[in-house]
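Chemist:
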Amino acid sequence: MNSVYIEITNVCNLHCSFCPCGKEPASRTFMDSKLFEDCIAGAQEIDATNVYFHVLGEPTLHPGFAHYVKKLELTPLKLTLTTNGTTIERTGHQILASPSVRQVNFSTHAYAELPRETAERHLQNVLDFCSLAIVERPDLYINLRLWNVGAKEASSWNSYMLMRIHETFGVDITPGHFCSRHKSFNITGRLYLHEDTRFEWPSIDERGESRDNKFTCWHDRALLSDAEGVKDERIGKEIVAGTCRALDTHVAILHDGRVVACCLDHSGQITLGHIGEQSLAEIINSPMALNIKEGFAQHELRHPFCQTCSFCKRFK
1 MNSVYIEITN
11 VCNLHCSFCP
21 CGKEPASRTF
31 MDSKLFEDCI
41 AGAQEIDATN
51 VYFHVLGEPT
61 LHPGFAHYVK
71 KLELTPLKLT
81 LTTNGTTIER
91 TGHQILASPS
101 VRQVNFSTHA
111 YAELPRETAE
121 RHLQNVLDFC
131 SLAIVERPDL
141 YINLRLWNVG
151 AKEASSWNSY
161 MLMRIHETFG
171 VDITPGHFCS
181 RHKSFNITGR
191 LYLHEDTRFE
201 WPSIDERGES
211 RDNKFTCWHD
221 RALLSDAEGV
231 KDERIGKEIV
241 AGTCRALDTH
251 VAILHDGRVV
261 ACCLDHSGQI
271 TLGHIGEQSL
281 AEIINSPMAL
291 NIKEGFAQHE
301 LRHPFCQTCS
311 FCKRFK
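In this text, residue positions in the sequence shown follow the UniProt record's numbering: the first is 1, and each later residue adds one.
1. Using 10 angstroms around the beta-carbon of cysteine 217, count the other beta-carbons present and answer buried if the total reaches 16, otherwise exposed.
2. Does DSSP put threonine 118 in a helix, in a strand, or in coil?
3. Should arginine 116 go down as buried or exposed, given a rule of 16 or more other Cβ atoms within 10 Å for buried?
4. Would DSSP call histidine 194 helix, strand or coil?
5. Three-state secondary structure (DSSP) at glutamate 45?
6. Is the stretch 40-50 touching the stretch 8-18, taking contact as three or more C-beta pairs under 8 angstroms?
7. If glycine 85 sits next to asparagine 125, beta carbons under 8 angstroms apart, how far is it from one beta carbon to the other, in whole angstroms?
8. Contact between the stretch 131-138 and the stretch 146-156 is defined here as three or more beta-carbon pairs at a separation below 8 angstroms; is this criterion met?
9. Please state the DSSP three-state secondary structure of glutamine 298.
10. For glycine 92, report the span of its alpha helix (DSSP H) as first-last.
11. Tell me, which residues are paired with alanine 246 by DSSP?
12. Pick from Thr271, Arg302, Gln94, Ser159: whose alpha carbon is nearest that of asparagine 291?
13. For glutamine 269, does the three-state DSSP call read helix, strand or coil?
14. So for serine 279, helix, strand or coil by DSSP?
15. Looking only at its chain, what residues have a beta carbon closer than 6 angstroms to the beta carbon of valine 240, apart from the 5 residues adjacent to it on each side?
16. Do you know whose CA, among Ser279, Ala252, Phe106, Met161, lies nearest serine 267's CA?
17. Got a sec? Which residues, its chain only, sit under 7 angstroms from arginine 258 by beta carbon, not counting five neighbours each side?
18. I believe threonine 91 touches threonine 60 by the beta-carbon criterion, under 8 angstroms. Please report the beta-carbon distance rounded to the nearest angstrom.
19. Going by DSSP in three states, alanine 112 sits in which element: helix, strand or coil?
20. Would leucine 193 pass as a contact of isoleucine 173 if the rule is Cβ separation under 7 angstroms?
21. Rounded to whole angstroms, what is the Cα-Cα separation between isoleucine 187 and serine 156?
22. Pick out whichever of Ser3, Asn158, Glu277, Leu247 has its Cα sitting closest to the Cα of proline 76.
23. Look up phenylalanine 53 in the DSSP assignment and say whether it is helix, strand or coil.
24. In this structure, how does DSSP classify lysine 78 when only helix, strand and coil are distinguished?
25. Taking the beta strand (DSSP E) that isoleucine 142 belongs to, which residues open and close that run?
26. As a quick exercise: from Glu195, Ser107, Glu277, Phe53, pick the residue whose alpha carbon is nearest that of cysteine 263.
27. Quick check: the Cα distance between phenylalanine 36 and glutamate 113, rounded to an integer number of angstroms?
28. Count the other CB atoms within 10 Å of the CB of alanine 246; is the residue buried (16 or more) or exposed (fewer)?
29. So what's cysteine 309 in DSSP terms, helix, strand or just coil?
30. Go to serine 159, then tell me how far its alpha helix (DSSP H) extends in each direction, as first and last residue.
31. Do the CB positions of leucine 191 and isoleucine 46 come within less than 7 angstroms of each other?
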């Protein structure tokens, strides 16, 4: 496992229709410093090399964002930052100055839902950052994300953005070249345009059922291994074919310290433990975590939450 997602906040300054932040009423808060230190200690304990400040939320809104980036500089960990870019005019110099920042992903598809003048201003700030990064940090990877391919309401914005990329960097990118096997387009240096289709965030309703009511949710104990001596006749009854990279390449830690199997489980529906109460190594080697991971290796989606996930269908 090489990556740990750390949701330093679930607070966001946008309300995008495709994101749970814009749909679901929830307590919005910031991860405290002690919990963050537990997260980066845990990441090093399992020999992860990368951390992502992401699950939900806009990480640069955290009052301690610059402080947390500084803390990473005291470790071997490298940071991939996913941001909507709305604060980049203020935070850009901090990001470029930190050797711990390896990659920045800009969710520029979010601008398609903003008033045009506001969207164009944010994009200009992002492009200015990119131009500066090419000079000051040629080692920095940058992705300009357009994860809205096929959404009719976004076509005008996407065309405008491609025009601005051409005007700024002199590169033409034809949208028709996008396909499932060709999503990343080099603009210049380590700057890329990354296109993809929208996906629906997986979720299980409060009754413990998937959104289409097809699968009944097992209690967590139903996912324990036989080594625990727990038997449940429901295990294996409703297994869906599929796989995922969760618990293999990455694990996620929510703003309140709950450790979840993947970076899409923003509400903690597969909570494996709490980083303030157990080590990350213990949590990812718990019976439930190992059962889910074993299922992925055997192309089985054993947990109902995973069975609602459309994103995992991208992995064959």
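Where a beta carbon is used, it is the ideal one built from N, C-alpha and C, also for glycine. Since the structure is predicted, the reported quantities are computational estimates derived from the model, not experimental observations.
Modeler: In terms of the structure at hand:
1. For cysteine 217, the predicted model reports a pLDDT of 35, less than 50, meaning its position is unreliable; a value from the coordinates is still stated below. The residue is buried, with at least 16 neighbouring Cβ atoms inside 10 Å.
2. helix
3. exposed
4. strand
5. helix
6. no
7. 7 angstroms
8. no
9. coil
10. 88-97
11. His250
12. Arg302
13. coil
14. coil
15. Leu301, Gln307
16. Ala252
17. Gly268, Thr271, His274
18. 5 angstroms
19. helix
20. yes
21. 20 angstroms
22. Ser3
23. coil
24. strand
25. 141-146
26. Phe53
27. 32 angstroms
28. buried
29. coil
30. 155-169
31. no
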